[in-house]
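Contents: one structure, followed by commentary.
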Amino acid sequence: MTEEKLIRTNMETSRLNPDGELLCLGIESSCDETSAAIVDSNRNILSHIIYSQIPEHQKYGGVVPELAARAHILAIDEVIQKTLSTAGKTIDDIDVIAATAGPGLIGGVLVGWMAATGIAQSTNKPLVAVNHLEGHALVPRLSATSASGVVESVNVEFPYLLMLASGGHCQILLVCGVGKYELIGQTIDDSAGEAFDKVAKMLGLGYPGGPAVDKRAQMGNPQAFNLPRPLCDKPGCDFSFSGIKTAARTLLSKESEPYSDKLINDFCASFQSAVVDCIVNRLQHALCDTRVRNAAPKTLVVAGGVAKNSAIRAAMEKLASENDMIFAAPPMSLCTDNGAMIAWAGIENYLVGNIVTKPVAPCPRWPLTEL
Ligand code: KG4
Ligand code: ZN
Numbered sequence: 485m486t487e488e489k490l491i492r493t494n495m496e497t498s499r500l501n502p503d504g505e506l507l508c509l510g511i512e513s514s515c516d517e518t519s520a521a522i523v524d525s526n527r528n529i530l531s532h533i534i535y536s537q538i539p540e541h542q543k544y545g546g547v548v549p550e551l552a553a554r555a556h557i558l559a560i561d562e563v564i565q566k567t568l569s570t571a572g573k574t575i576d577d578i579d580v581i582a583a584t585a586g587p588g589l590i591g592g593v594l595v596g597w598m599a600a601t602g603i604a605q606s607t608n609k610p611l612v613a614v615n616h617l618e619g620h621a622l623v624p625r626l627s628a629t630s631a632s633g634v635v636e637s638v639n640v641e642f643p644y645l646l647m648l649a650s651g652g653h654c655q656i657l658l659v660c661g662v663g664k665y666e667l668i669g670q671t672i673d674d675s676a677g678e679a680f681d682k683v684a685k686m687l688g689l690g691y692p693g694g695p696a697v698d699k700r701a702q703m704g705n706p707q708a709f710n711l712p713r714p715l716c717d718k719p720g721c722d723f724s725f726s727g728i729k730t731a732a733r734t735l736l737s738k739e740s741e742p743y744s745d746k747l748i749n750d751f752c753a754s755f756q757s758a759v760v761d762c763i764v765n766r767l768q769h770a771l772c773d774t775r776v777r778n779a780a781p782k783t784l785v786v787a788g789g790v791a792k793n794s795a796i797r798a799a800m801e802k803l804a805s806e807n808d809m810i811f812a813a814p815p816m817s818l819c820t821d822n823g824a825m826i827a828w829a830g831i832e833n834y835l836v837g838n839i840v841t842k843p844v845a846p847c848p849r850w851p852l853t854e855l
């Protein structure tokens, strides 16, 4: 990433609203959601529009990058205009523009990033190049709840231990501050979301698979099928999901099609329980690791699309309470890709002075550890 980072020395008070609130317009377009949101620095979401392309990709069983890029082009202007009008704001009211500049499907990233660059340049407003993963990582600081959502508001302070699980990534990170991430463990093959999507496809549950597997698993027996827990007998904090996927394919090849509802429910429950066991095992190692290094995070956080999973949320909440930690997860609507997380990351970055000062080339690969 070529963006230049500036540590701001003087507060740009002229850009603040009279009540001292910053308003950020955030734009997300890195995968199959065209989304924009206006968020203020007091953690309020003034408007949030998400245009999901899922129906366009469903018939192909996954996201088709070229179709996604074209759909973003068609949707972006309307999504931004609707975001402004829903909040009752004009572009003049906005203090900061933020957009995902990577990682992601580059055709889509370019659409949102060019829109944001155009708006920022034509209005002379500051622009923040947001790392999509940082959007997921920081959004629990905008809004977080307990696993069940009963505790409506949990304050997430640095440092926290983060399980970041999405369609493209699966990492355990120590989040020490804005732009300050220590990678503790990561998948050596598939991401957790990919595993959910692939197993769902084998079972004929369609795309995206995670929500369907989650729903079916609640009606099934987690002991019905014996699936492996890769790496759980090994030290360290890395994950491997491709072995679970291969074992799933082998087990299913012994069953006759069409699969019964009971088989699908039991299979989903067994697969999900294997994923949950792997996540808990790796997080236990990560907690020991952070304690050894005296980092002592007080909060255990899950984020990314897979954070919507009810069993993963419940298991992580239990793990947190066993370790005297607070558990926090974003509300369901802020787990999968969305513009509010980009707007919030825009505010957090702007407040530490991370604004774009020269042209930025969006990046399909942009690890959090390279911020
Ligand atoms: O974060 P996200 O919206 O996109 C990426 O940045 O990749 O995550 C999408 C992933 C998909 O793989 C989807 O199947 C998974 O999140 N997902 C779930 C659930 N809801 C979405 N996985 C498990 N359980 C869920 N309830
Ligand atoms: Zn994402």
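Each residue of the sequence shown is one higher than the last, beginning at 485 in the working numbering. C-beta atoms are modelled at their ideal positions from N, C-alpha and C, and glycine is treated no differently. All of these numbers come straight from a predicted model, not from anything done at the bench.
Not one heavy atom of the ligand KG4 lies closer than 7 Å to the C-beta of residue 572.
Here the C-alpha atom of residue 751 lies approximately 48 Å from the C-alpha atom of residue 840. Taking a contact as a CB-CB distance under 8 Å, the pair residue 792 and residue 810 does not count as one, their CB atoms being some 20 Å apart.
Residue pairing of residue 570 in beta bridges, as defined by DSSP: absent, with no partner found. A heavy atom of the ligand ZN is found nearer than 7 Å to the CB of residue 789. Residue 622 and residue 704 have their alpha carbons spaced roughly 34 Å apart. The ligand KG4 has no heavy atom closer than 7 Å to the beta-carbon of residue 749.
Looking at the backbone, the Cα of residue 764 and that of residue 662 are separated by about 26 Å. One thing to note: residue 580 has its Cβ no nearer than 8 Å to the Cβ of residue 826.
Distances from the CA of residue 535 to each of 562, 526 and 528 were compared; the closest alpha carbon is that of 562. Ranked by Cα distance from residue 660, the first of 649, 644, 654 and 673 is 644. Burial state of residue 567 is buried, judged by a 10 Å Cβ sphere holding 16 or more other Cβ atoms. Looking at 605, 542, 761 and 774, the one whose alpha-carbon comes closest to that of residue 842 is 605. The region 767–785 makes no contact with the region 736–752: fewer than 3 CB pairs, one atom from each, lie closer than 8 Å. For residue 638, same chain residues with a beta-carbon under 7 Å away, outside a window of 5 residues either side, are 628, 629, 630, 810 and 812 in chain order. In this structure residue 556 does not touch residue 510 by the C-beta definition: roughly 15 Å separates them, more than the 8 Å allowed. If you ignore the 5 residues before and after residue 727, its C-beta comes within less than 7 Å of the C-beta of 712 and 714, all in its own chain and listed in chain order. With a threshold of 16 other beta carbon atoms within 10 Å, residue 821 meets it and is buried. The count of Cβ pairs closer than 8 Å, one atom from the region 646–660 and one from the region 677–696, reaches three, so the stretches are in contact. Between residue 525 and residue 823, the beta carbon gap of about 16 Å keeps them out of contact (Cβ cut-off 8 Å). In this structure residue 773 touches residue 668 by the C-beta definition: roughly 6 Å separates them, less than 8 Å. In the DSSP annotation of this structure, the continuous segment of the beta strand (DSSP E) that includes residue 787 starts and ends at 783–787. Counted as a single uninterrupted DSSP element, the alpha helix (DSSP H) harbouring residue 752 occupies residues 745–776.
The residue from 849, 852, 847 and 828 with its alpha-carbon nearest to that of residue 528 is 828.
Counting along the chain, the unbroken alpha helix (DSSP H) around residue 697 starts and ends at 693–701. In the structure shown, residue 582 adopts extended strand secondary structure according to DSSP, grouped into three states. Relative to the Cα of residue 589, the nearest Cα in the group 602, 609 and 546 belongs to 546. Less than 8 Å divides the Cβ of residue 757 from the Cβ of residue 706.
In the structure shown, residue 726 falls within a helical segment according to DSSP collapsed to helix, strand and coil.
Residue 617 places its beta carbon 8 Å or farther from that of residue 767.
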